[in-house]
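Structure, as structure tokens:
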Amino acid sequence: MYREELVKVLRVISEDKQVQWLETDQFSKKAILYKAFTKPVQKGDVVLVNVTASLLRLGTGGYDFVRASYEKSSEHEQSEDNGHIMKLRYTPMQHSVMAIESQESPFHSLFSEKFSLRKQKILLAELHSMVPLVFSIAQLLHKEAKVCVIFDDQAALALSVSEHLQKLHLYERFYSITIGQAFGGMYEATTLQTALQFATEHLEADLVVVSVGPGVVGTGTKYGFSGIEQAKWANVIGALDGIPVWIPRLSFHDKRQRQQGLSHHTRTALFQFTYARSILPFPEMKTSDRQLIKNQISKENSLVEHDIVWSELKGEETIIAQAFNLYGQEIKTMGRTFQDDPIFFLAVAESTKVSLGLGG
0 MYREELVKVL RVISEDKQVQ WLETDQFSKK AILYKAFTKP VQKGDVVLVN
50 VTASLLRLGT GGYDFVRASY EKSSEHEQSE DNGHIMKLRY TPMQHSVMAI
100 ESQESPFHSL FSEKFSLRKQ KILLAELHSM VPLVFSIAQL LHKEAKVCVI
150 FDDQAALALS VSEHLQKLHL YERFYSITIG QAFGGMYEAT TLQTALQFAT
200 EHLEADLVVV SVGPGVVGTG TKYGFSGIEQ AKWANVIGAL DGIPVWIPRL
250 SFHDKRQRQQ GLSHHTRTAL FQFTYARSIL PFPEMKTSDR QLIKNQISKE
300 NSLVEHDIVW SELKGEETII AQAFNLYGQE IKTMGRTFQD DPIFFLAVAE
350 STKVSLGLGG
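Right, dumping it as structure tokens:
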């Protein structure tokens, strides 16, 4: 299914260098315009929007997406980019970016030699909602910590769609790199390998995270979910002599059986597809909950022996509250708050601590 409709712009809610957030008169009544593809608009302009996700009531709905504008306003200057690496290749939205590795990049020489992560811990975050919590906790534990998040292209390709990233990019010590077909990070890269090299050797980040934008896919099948890519991330990190640290996806309140306890997303990716020895930290929890997870792990035939770390430290709820306060708003995951499902958030905190060498 694919459907486009014409709507009228009632007002520009907000905008930055990459995106306009619009109020419109029909369908979702909210639309996102990417300036890389479409000229900015103003009140009264008519725009052609993709309404497919909204009509299907999918998670990527809530907003329509502008495909073309029929603006009354005068033409604006097209943005110039001296880069020649194309993203969204062979689509009507293909555009060039200045990739850090390309010959015209000032960083090109950095990538002429092999490099090693030299046992640096690299944090893996399956869900986009984990990212702002990771950053806030890192700032609480290490005020001067530079955090670099590498965004793969397994979810939203346009990073600028993320409201979290609009906020995080205002922080001086936060950096983002988009890889593959994803775009809109502070830096653009073609591969995870070069992004890791740039984050560690040029940015000298204290914490490097690999994650995705909003909008992951799940199909209710054994292997058909975006998070299985974590295995690829871990294997690349291991091949570069780094140590993957996984954020276990935990829940005791998700209604889906496969997501209860330690999600099959973590179990399948880590134990069935990961060859790099990894660290899987767990926060303090009730004995019965710990036993449930141990039983789940015991049924897995892991390719290699991973380091399973169980924290005994109580009272970690405080750091979550402090992180929310620092961030300036509550963070939700799959619509659930910390009060709804605290173990999810505690798992993010514990893995962040381990990655910074402060837990485990």
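To convert, note that position 236 of the sequence shown is 235 in numbering that gives the first Met the number 0; the numbers rise steadily by one, no gaps. We treat Cβ as the ideally placed atom computed from N, Cα and C, and that holds for glycine.
Query                                                                                                                                            : Result
I'd like to confirm the pairing. Which residues does DSSP put opposite residue 49 in its beta bridges?                                           : 3, 64
By the three-class DSSP mapping on this structure, what secondary structure does residue 358 have?                                               : coil
List the residues that DSSP assigns as beta-bridge partners of residue 105.                                                                      : Answer is none; residue 105 lacks a bridge partner.
Would residue 145 and residue 198 be called neighbours here (beta carbons separated by less than 7 Å)?                                           : no
Nearest-angstrom Cα distance between residue 101 and residue 316?                                                                                : 45 Å
Verify whether the separation of the beta carbon atoms of residue 344 and residue 319 is less than 7 Å.                                          : yes
Would you call residue 325 buried or exposed, if buried means 16 or more other Cβ atoms sit within 10 Å of its Cβ?                               : exposed
What does the Cβ neighbour count give for residue 290, buried or exposed, with the cut at 16 atoms within 10 Å?                                  : exposed
With DSSP run on the structure shown, which of helix, strand or coil describes residue 180?                                                      : coil
Going by beta-carbon coordinates alone, are residue 277 and residue 309 separated by less than 7 Å?                                              : no
In or out: residue 73 buried (at least 16 other Cβ within 10 Å) or exposed?                                                                      : Because the pLDDT at residue 73 is just 46, under 50, the model does not fix this residue reliably, and the point stays unresolved.
According to DSSP, is residue 217 helix, strand or coil?                                                                                         : strand
Looking at the strands, I want to know which residues DSSP matches up with residue 260.                                                          : 250
Determine the direct distance from the alpha carbon of residue 108 to that of residue 337, and round the result to whole angstroms.              : 45 Å
Do residue 351 and residue 133 come within 7 Å of each other at the CB atom, strictly closer than that value?                                    : yes
Helix or strand or just coil, what does DSSP make of residue 352?                                                                                : helix
Give the DSSP-derived three-state secondary structure of residue 370 in the structure shown.                                                     : Within the shown structure, residues of the chain are numbered from 0 to 359, placing residue 370 beyond reach of any answer.
Could you tell me which whole alpha helix (DSSP H) segments of length 4 or greater appear in the segment 123-148?                                : 129-140
Kindly indicate if chain C contains any beta-carbon less than 7 Å away from that of residue 15.                                                  : In the structure shown, chain C cannot be found, because there is only a single protein chain.
Look at the alpha carbon of residue 280 and the alpha carbon of residue 249, and state the distance between them as a whole number of angstroms. : 11 Å
Is the segment 1-15 in contact with the segment 31-45, if contact means three or more CB pairs nearer than 8 Å?                                  : yes
Compare the Cα-Cα distances from residue 67 to each of 304, 160, 15, 91 and report the closest residue.                                          : 91
List the endpoints of the continuous alpha helix (DSSP H) containing residue 193.                                                                : 191-196
Would you check if the segment 166-179 and the segment 140-154 touch, i.e. whether three or more CB-CB distances between them fall below 8 Å?    : yes
If you measure between the beta carbons of residue 282 and residue 349, is that distance less than 7 Å?                                          : yes
Measure the C-alpha to C-alpha separation of residue 299 and residue 240 and round it to an integer number of angstroms.                         : 25 Å
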